[in-house]
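A.B. asks: In terms of this note's numbering, the sequence shown opens at residue 4 and continues consecutively.
Note that CB positions come from ideal geometry on N, CA and C, so glycine has one too.
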Amino acid sequence: MAHKISILIPVFNEENNITIIADAINKVFEKIDSEYEILFVNDGSTDNSLTAIKQLIINNKQIKYISFSRNFGKDNALLAGFKYAKGDALITIDADMQHPPEMIPEMIELWEKGNDVVYTYRADRNEHASNFNQLSSKMFYKIVNNLSDVELEDGIADYRLLDKKVVNVFNNLHEDRPFFRGLIKWVGFTQTGIPYIPHARVSGTSKYSTKALVRLALQGITSFSVKPLLIAIYLGLTFSLLSLLYIPYVIFSLYYHLAISGWTSTIVTIAFFGGLQLMILGILGIYLGKLFMQSKQRPNFIVKETNIIE
Ligand code: UDP
Ligand code: MG
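#1: With proline 198 as the anchor, note down where its beta strand (DSSP E) starts and where it stops.
#2: Would arginine 180 and tyrosine 122 qualify as a contact pair, given that the criterion is a beta-carbon distance under 9 angstroms?
#3: If you follow the beta strand (DSSP E) that tyrosine 87 is part of, which residue opens it and which one closes it?
#4: When a residue counts only if its C-beta is closer than 6 angstroms to some heavy atom of the ligand MG, which residues count, in chain order?
#5: My output table needs one value for phenylalanine 143: the three-state DSSP class, helix, strand or coil.
#6: Note the first and the last residue of the continuous alpha helix (DSSP H) segment covering glutamate 115.
#7: Touching or not, the segment 79-86 and the segment 139-153, by the rule of three or more beta carbon pairs under 8 angstroms?
#8: For a minimum of 3 consecutive residues, which ranges assigned as the beta strand (DSSP E) are wholly contained in the segment 219-300?
#9: With distances taken between CB atoms, is the gap from asparagine 63 to asparagine 29 smaller than 9 angstroms?
#10: How many whole angstroms separate the CB atoms of alanine 98 and glutamate 17, which I take to be in contact at a CB cut-off of 8 angstroms?
#11: Just reading off the alpha helix (DSSP H) that lysine 57 is part of, what are its end residues?
#12: Looking at isoleucine 96: is its Cβ nearer than 9 angstroms to the Cβ of proline 104?
#13: Relative to the C-alpha of valine 153, which candidate in Ile305, Gly185, Asn74 has its C-alpha closest?
#14: In three-state DSSP terms, what is isoleucine 96?
#15: Using the Cβ count rule (16 or more neighbours within 10 Å means buried), how would you classify threonine 225?
#16: Around the Cβ of glycine 288, are there at least 16 other Cβ atoms within 10 angstroms (buried) or fewer (exposed)?
#17: Find out if the Cβ-Cβ distance for the pair glycine 223, phenylalanine 173 is shorter than 9 angstroms.
#18: Within the same chain, show all residues whose beta-carbon is closer than 8 angstroms to that of phenylalanine 192, passing over the 5 residues directly before and after it, in chain order.
#19: Taking the Cβ atom as the reference point for each residue, do aspartate 36 and valine 14 lie within a distance shorter than 9 angstroms?
#20: Give me the DSSP bridge partner(s) of proline 13.
#21: Could you tell me which residues DSSP pairs with isoleucine 159 in its beta bridges?
#22: Out of Ile286, Pro302, His102, which one is the CA nearest neighbour of lysine 230?
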């Protein structure tokens with residue numbers, strides 16, 4: 004029985020990569036016996052990406068697109084694709100050719116063997132990334148894994164195959180700003196991973212900065228655990244124990260009528276605890292903010308136009 008595969012490509016300012024990736028995918032499917040559709044999600048590109056997609060559609064009816072009203076971020080672009088994809092399995096792949104399309108047949112094969120999630124991980128982690136990026140990526144996983152309840156592996160890419168079952172789980176998830184890398188692990192099912200060697204970007208620039216990485220780390224931690232809230236309790240406990248050590252000194256000073264040692268120690272204490280309290284307020288604030296955003300029930304994305312007929 005022939006099945007259908009949806010190829011989902013998030014696009015944010017990739018005008019020069021659209022034709023290249025579509026051609027590469029078409030070429031892959033010439034050799035395998037599967038129906039397929041290519042689904043571009045234009046995540047509010049400000050260049051000519053949408054025009055490039057529409058140009059492709061003239062000659063290729065398998066190509067579908069959804070175009071957002073503005074940039075909503077990659078995770079939301081993926082989420083939109085999940086809702087519109089019609090395949091029995093779905094493969095998410097970057098538009099910049101960093102994810103080698105030649106791996107698609109192998110992914111489909113593993114899916115046919117009964118895997119519900121086939122994910123990929125970088126074989127040579129970050130060969131194309133700078134030292135600073137390597138370091139920040141390492142730190143990202145260390146921090147997230149220590150503070151979170153899901154185990155994230157280093158080097159996991161957003162290049163993966165998901166069975167329709169898994170896609171449906173995501174379609175029924177009502178989470179504001181879903182954190183995919185964590186959620187994929189969290190859903191369970193039968194999962195398997197295959198290594199890949201990332202290519203350099205063909206055209207354009209990476210959209211992720213270090214600032215975005217820090218934001219992603221914070222999101223990864225606070226989407227999956229309330230452990231940071233415990234920090235407040237541990238810190239409070241530690242400092243009240245430490246302050247006990249101060250008591251003998253106070254009694255000693257009182258007994259010997261030592262001069263009060265000025266305001267330095269007072270200021271230091273106030274500054275220190277002031278900072279500590281602000282930090283903890285910040286942590287509380289993040290969780291409160293999440294509740295606030297979730298309570299508004301705003302959509303994760305807004306579709307401006309599409310060629311998909313429901
Ligand atoms: N992307 C997107 N919305 C964004 C940022 C990125 O849809 O806000 C897409 C981008 O067009 C590409 C993929 O997500 O297809 C990965 O982005 P990028 O190559 O910039 O990330 P990197 O490979 O550096 O992690
Ligand atoms: Mg890339």
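C.D. replies: Answer, in terms of the structure:
#1: As a position in the sequence shown, residue 198 is number 195, starting the count at 1. Unbroken beta strand (DSSP E) run through proline 198: 194-199.
#2: As a first step, residue 180 is located in the sequence shown; it is residue number 177 there, counting from the start. As a first step, residue 122 is located in the sequence shown; it is residue number 119 there, counting from the start. Taking a C-beta distance under 9 angstroms as the contact criterion, arginine 180 and tyrosine 122 do not qualify as a contact pair.
#3: On the sequence shown, residue 87 is found 84 positions in, with the first residue counted as 1. Unbroken run through tyrosine 87 is the alpha helix (DSSP H), 77-87; no beta strand (DSSP E).
#4: With the cut-off at 6 angstroms, the residues found are Asp97, Asp99, Gln101, Arg204, Ser209.
#5: What you label residue 143 is simply residue 140 of the sequence shown in a count that begins at 1. Phenylalanine 143 sits in a helix when the DSSP states are folded into three classes.
#6: Start at 1 with the first residue of the sequence shown, and residue 115 comes out as number 112. Note, glutamate 115: alpha helix (DSSP H), 107-115.
#7: Three or more beta-carbon pairs separated by less than 8 angstroms are not found between the segment 79-86 and the segment 139-153, which leaves the two stretches without contact.
#8: Within the segment 219-300, no complete beta strand (DSSP E) run reaches 3 residues.
#9: As a first step, residue 63 must be located in the sequence shown, where it is residue number 60. As a first step, residue 29 must be located in the sequence shown, where it is residue number 26. Against a cut-off of 9 angstroms, the Cβ pair of asparagine 29 and asparagine 63 comes out as a contact.
#10: Mapped onto the sequence shown, residue 98 falls at position 95. Mapped onto the sequence shown, residue 17 falls at position 14. Going by Cβ atoms, the distance from alanine 98 to glutamate 17 rounds to 4 angstroms, so yes, they are a contact pair.
#11: Here residue 57 is taken as the residue at index 54 of the sequence shown, counted from 1. Per DSSP, lysine 57 belongs to the alpha helix (DSSP H) from 52-62.
#12: Indexing the sequence shown from 1 puts residue 96 at position 93. Indexing the sequence shown from 1 puts residue 104 at position 101. Their beta carbons are under 9 angstroms apart, which means isoleucine 96 touches proline 104 by this criterion.
#13: The residue given as residue 153 occupies position 150 in the sequence shown. Comparing Cα positions, the closest option is Gly185.
#14: Translated into positions along the sequence shown, residue 96 becomes position 93. Coil.
#15: By 1-based counting over the sequence shown, the position of residue 225 is 222. Using a 10 angstroms sphere on the CB of threonine 225, the tally of other CB atoms reaches 16 or more, which defines it as buried.
#16: The count along the sequence shown starts at 1 and reaches residue 288 at position 285. By the 16-neighbour rule on beta-carbons within 10 angstroms, glycine 288 is exposed.
#17: For the purposes of this step, residue 223 is identified with residue 220 of the sequence shown, where counting begins at 1. For the purposes of this step, residue 173 is identified with residue 170 of the sequence shown, where counting begins at 1. No, the pair does not count as a contact, with Cβ atoms beyond the cut-off.
#18: As a first step, residue 192 is located in the sequence shown; it is residue number 189 there, counting from the start. These residues qualify, in order along the chain: Asp119, Val120, Asp166, Lys168, Val169.
#19: As a working mapping, residue 36 is identified with position 33 in the sequence shown. As a working mapping, residue 14 is identified with position 11 in the sequence shown. A distance of 9 angstroms or more separates the beta carbons of aspartate 36 and valine 14.
#20: Taking the first residue of the sequence shown as position 1, residue 13 is located at position 10. Per DSSP, Val44.
#21: One-based indexing of the sequence shown puts residue 159 at position 156. Per DSSP, Tyr124.
#22: In the sequence shown, counting from the first residue as 1, residue 230 sits at position 227. Scanning Ile286, Pro302, His102 for the CA closest to the CA of lysine 230 turns up Ile286.
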